[in-house]
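**Student:** Sharing a structure below in structure tokens format, with a few things to ask.
Numbering (the UniProt record's numbering), first residue to last: 1 to 480.
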């Protein structure tokens, strides 16, 4: 019998079952022991164990091995059980986070806001090409915490590592050793995907480990530049902060494209007015006002919006605003959008909401808590335009919406509304296919260890096949 703290026990249990389920998905018991020992290297040393977990909760370690073998035995025969077990523990963690946010209410609105939480594991950006993708973070709004992470695939350098130019310039004691587009050369242009992460508006981040891995996968499979948006989270910044941030990034992308184009035609101040591929507009401090990677390699006329869970609600809002703006966003053109298991809800319960009221991941109670934290108290309504896309009178009419791919999971509590939205788009003669994955749970293709499942990989490949239909250059269209 060992003495543990409640919080430490919670962390221990989560890591323990994460290791079990990871191994169950891979169907290897040895991976479970290896993963668990990596997470808890001092597990076999009683003295270190007592130092690590000091006081106030009793835990009988004799049960952990029998539990391990029992779960591994059943999961080896039923692979889907492992995914469902993981989703249950994720929901437990989500409820714990929502409980903390509810118990510590934010009394004052914070216009600056936050884009991630301490509990979220983050991946550092790497401007050199790692696993075929280079990344960099940019804070784009001085009045809020809004930021982006750019994912640039190595295909921009024609697959030849010797052509990768790394800028070794010094700025004081800092040496930048990342990729820098070579001046005086014609660069390969790639479509741009604006990606909005999930997290039920209160969690997640654009630089989290899971979102970083997912965006790298999309960048490689689709051969696109992914711009992951770090929008402000609730309840520190309630609606419409996250939606405004999504639209602000789209306008920022248009501004960057125009600055890059102006620099080319201005000839970078040489007076001849000739167009130069490597010219830039500079500010008063001598810094380029256009983001170099996007200026050299981005093609905003082929822009795709990709939203995950709550991010799908933001993507749909941004798509509507892009339709309303029309040519005001030139040269940015939203050619398609992908909605992955949208976070749609409404006042009239659907069949799936009744059947899966206590389902895996997000159930009714978790969804209700989330929307109460996101929407202002005076505006709380399950038929709010941010929550329900099918309320009458929404503008613009669906017939003007871009082609929309919708991804749903069989065990998702909110699947029916996503399916209904896709059907309405098809009735308006919009190309709006629906991909439904059997025995899958909410965020099955974008969350932690579930990213490594064959189902998650297949989903990303299916998305790439459809997206390439709209981002391929004329004469190179991709059919499916």
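Don't be surprised by glycine CBs; every beta carbon is placed ideally from N, CA and C.
Computed from a prediction, not measured in an experiment: that's the story for all the values here.
Give the straight-line distance between the Cα atoms of residue 74 and residue 453, rounded to the nearest whole angstrom.
**Tutor:** Sequence index remark: in the chain shown, residue 74 carries index 74 (1-based). Sequence index remark: in the chain shown, residue 453 carries index 453 (1-based). Confidence at residue 74 is low in this model, with a pLDDT of 40, below 50, so the placement of that residue should be treated as unreliable; the coordinate-derived value is given next. When rounded, the distance between both Cα atoms is 18 Å.
**Student:** Short of 7 Å in beta carbon distance, which residues of its chain neighbour residue 215, apart from the five on each side in sequence? Order them along the chain.
**Tutor:** Here residue 215 refers to the residue found at position 215 when the chain shown is read from its first residue. The answer, listed in chain order, is 151, 195, 226 and 228.
**Student:** Taking the alpha-carbon of residue 431 as reference, which of 130, 85 and 337 has the nearest alpha-carbon?
**Tutor:** Translated into positions along the chain shown, residue 431 becomes position 431. Ranking the options by Cα distance to residue 431, first place goes to 337.
**Student:** Candidates 153, 180, 242 and 243: which alpha carbon is nearest residue 222's?
**Tutor:** Locating residue 222 in the chain shown gives position 222, where the first residue counts as 1. Residue 153 is the option with its Cα nearest to residue 222.
**Student:** By the three-class DSSP mapping on this structure, what secondary structure does residue 185 have?
**Tutor:** In the chain shown, residue 185 corresponds to position 185, counting from 1. The answer is coil: DSSP assigns residue 185 none of H, G, I, E or B.
**Student:** Please classify residue 350: does DSSP put it in a helix, a strand, or coil?
**Tutor:** By 1-based counting over the chain shown, the position of residue 350 is 350. It is coil, neither helix nor strand.
**Student:** Hey, is the segment 229-241 in contact with the segment 340-355, meaning 3+ C-beta pairs nearer than 8 Å?
**Tutor:** They do not touch, by the three-pair rule.
**Student:** Which of the three DSSP states is assigned to residue 424 in this structure?
**Tutor:** Taking the first residue of the chain shown as 1, we reach residue 424 at position 424. Helix at residue 424.
**Student:** With burial defined as no fewer than 16 other Cβ atoms inside 10 Å of the residue's Cβ, what is the status of residue 442: buried or exposed?
**Tutor:** Position 442 of the chain shown, counting from 1, holds the residue named residue 442. With 16 or more Cβ atoms within 10 Å of its Cβ, residue 442 is classed as buried.
**Student:** How is the beta strand (DSSP E) around residue 383 delimited, first residue to last?
**Tutor:** In the chain shown, counting from the first residue as 1, residue 383 sits at position 383. Element bounds for residue 383: n/a, residue is neither H nor E.
**Student:** Hey, residue 254 and residue 181: beta-carbon distance below 8 Å or not?
**Tutor:** Taking the first residue of the chain shown as 1, we reach residue 254 at position 254. Taking the first residue of the chain shown as 1, we reach residue 181 at position 181. Contact flag unset, no.
**Student:** Between the segment 373-381 and the segment 195-208, do at least 3 Cβ pairs fall closer than 8 Å?
**Tutor:** Yes, they touch.
**Student:** My assumption, with CB atoms under 8 Å, is that residue 440 sits in contact with residue 410. Please give the rounded CB distance.
**Tutor:** Translated into positions along the chain shown, residue 440 becomes position 440. Translated into positions along the chain shown, residue 410 becomes position 410. Right, their Cβ atoms sit about 6 Å apart.
**Student:** I'd like to confirm something about residue 413: is its beta-carbon nearer than 7 Å to some heavy atom of the ligand ZN, or not?
**Tutor:** The ligand ZN is not among the ligands present in this structure, which contains no ligands whatsoever.
**Student:** Going by DSSP, what residue range makes up the alpha helix (DSSP H) through residue 323?
**Tutor:** Along the chain shown, one-based indexing puts residue 323 at 323. 310-325 is the span of the alpha helix (DSSP H), which, as asked, contains residue 323.
**Student:** Where does residue 256 fall in DSSP's three states?
**Tutor:** Taking the first residue of the chain shown as position 1, residue 256 is located at position 256. Note: residue 256 maps to helix in three-state DSSP.
**Student:** Beta-carbon within less than 6 Å of residue 257's beta-carbon, same chain only, minus the 5 sequence neighbours each way: which residues are those?
**Tutor:** Your numbering for residue 257 matches position 257 in the chain shown. So the list reads 300 and 331, once near-sequence residues are dropped.
**Student:** State the Cα-Cα distance for the pair residue 317 and residue 394, rounded to the nearest angstrom.
**Tutor:** As a working note, residue 317 is residue 317 in the chain shown. As a working note, residue 394 is residue 394 in the chain shown. Residue 317 and residue 394: Cα-Cα distance of roughly 11 Å.
**Student:** Tell me whether the beta-carbon of residue 466 lies closer than 8 Å to the beta-carbon of residue 405.
**Tutor:** Here residue 466 is taken as the residue at index 466 of the chain shown, counted from 1. Here residue 405 is taken as the residue at index 405 of the chain shown, counted from 1. Cβ atoms of residue 466 and residue 405: closer than 8 Å.
**Student:** For residue 299, write down the residues that DSSP places opposite it in a beta bridge.
**Tutor:** Stepping through the chain shown from its first residue, residue 299 is reached at position 299. Paired residues: 191.
**Student:** Are the Cβ atoms of residue 421 and residue 343 separated by less than 8 Å?
**Tutor:** For the purposes of this step, residue 421 is identified with residue 421 of the chain shown, where counting begins at 1. For the purposes of this step, residue 343 is identified with residue 343 of the chain shown, where counting begins at 1. Contact flag unset, no.
**Student:** Identify the continuous beta strand (DSSP E) that holds residue 452 and give its terminal residues.
**Tutor:** As a position in the chain shown, residue 452 is number 452, starting the count at 1. Note, residue 452: premise wrong, no beta strand (DSSP E); not H, not E.
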